[in-house]
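What follows is a short report on a single structure.
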Amino acid sequence: IIRKGYLRVHTGVKLFQAKDFFFVLSTDNLSWFTDADEKDKKYMLPLENLKIRDVEGSFMAKRPQFAIFTTEGKNVYKEHKVLELSVDNAEELDTWKASFLRAGVYPEREQRQEDSTSAADVGPVDPHMERQVETINKLVSSYMQIVAKMTRDYIPKAIMYNIVQN
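Numbering-wise, the sequence shown is residues 1 to 166 according to UniProt numbering.
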């Protein structure tokens, strides 16, 4: 489980057709429940082929919003192709976006003409493999810190050993 918390689901066109649910984000899916007891599950959404994007709030909206959608154009939730969610403040929005990133749901990329011809655009990457690469990168970084500390410890000792022996 990556993150738990309340989000507001906006499903209708009417202003007051939004309801708060308790969400649980894991590495495989996003589930939501009627309350924090996690007993009455309302829906479970697999994270495969999902993207996230910012939503411009209407003039009446006071809560920061974001949307989840599929890259294949399929419905995300019931008859909705886009699932709009909102949080209480901008800080909470940033933490939820970071949590979705850790789960492998990446933000929608802006498509520009110069980007489509660049060599840096490698196409879609498997989120599971990307998490594994991130883990390996952290382990290598940690190992290199240990090696650097050991080297800093051994060099003065080696110098003193050579001075004493000569």
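Think of the CB as a built atom: it goes at the ideal place given N, C-alpha and C, for glycine as much as any other residue.
Just how far apart, CA to CA, sit residue i and residue j?
{"i": "L85", "j": "D94", "result": "13 angstroms"}
{"i": "Q165", "j": "S142", "result": "35 angstroms"}
{"i": "I155", "j": "A98", "result": "41 angstroms"}
{"i": "A120", "j": "L83", "result": "A caution first: A120 carries a pLDDT of 47, below 50, which makes its placement in the model unreliable, though a value can still be read off. Those two C-alpha atoms are separated by around 30 angstroms."}
{"i": "K149", "j": "N75", "result": "53 angstroms"}
{"i": "D37", "j": "K62", "result": "28 angstroms"}
{"i": "K39", "j": "S31", "result": "11 angstroms"}
{"i": "F33", "j": "E72", "result": "26 angstroms"}
{"i": "K81", "j": "I136", "result": "35 angstroms"}
With a 10 Å radius around its C-beta and 16 neighbouring C-beta atoms as the bar for buried, classify residue i as buried or exposed.
{"i": "I146", "result": "exposed"}
{"i": "I68", "result": "buried"}
{"i": "L52", "result": "The amino acid occupying residue 52 in the given sequence is Ile; Leu does not appear at that position. Buried is the call here."}
{"i": "P107", "result": "exposed"}
{"i": "Q111", "result": "Its pLDDT being 47, under 50, Q111 is placed unreliably by the model, and the measurement read from it follows with that caveat. Exposed, by the Cβ-count rule."}
{"i": "residue 183", "result": "Summary: the structure shown does not reach residue 183, with the chain confined to residues 1 through 166, and so no result is reported for it."}
{"i": "P127", "result": "buried"}
{"i": "P64", "result": "buried"}
Item to check | Segment contact flag, the region 18 to 29 with the region 1 to 8, C-beta cutoff 8 angstroms, min 3 pairs | outcome: yes
Checklist entry - Three or more C-beta pairs closer than 8 angstroms, one from the region 96 to 109 and one from the region 122 to 142: is that the case here? => result yes
Next on the checklist: Ignoring anything shorter than 4 residues, give me the alpha helix (DSSP H) runs that lie fully in the UniProt domain "PH" (1 to 105), in order along the chain.
Outcome noted: 90 to 103
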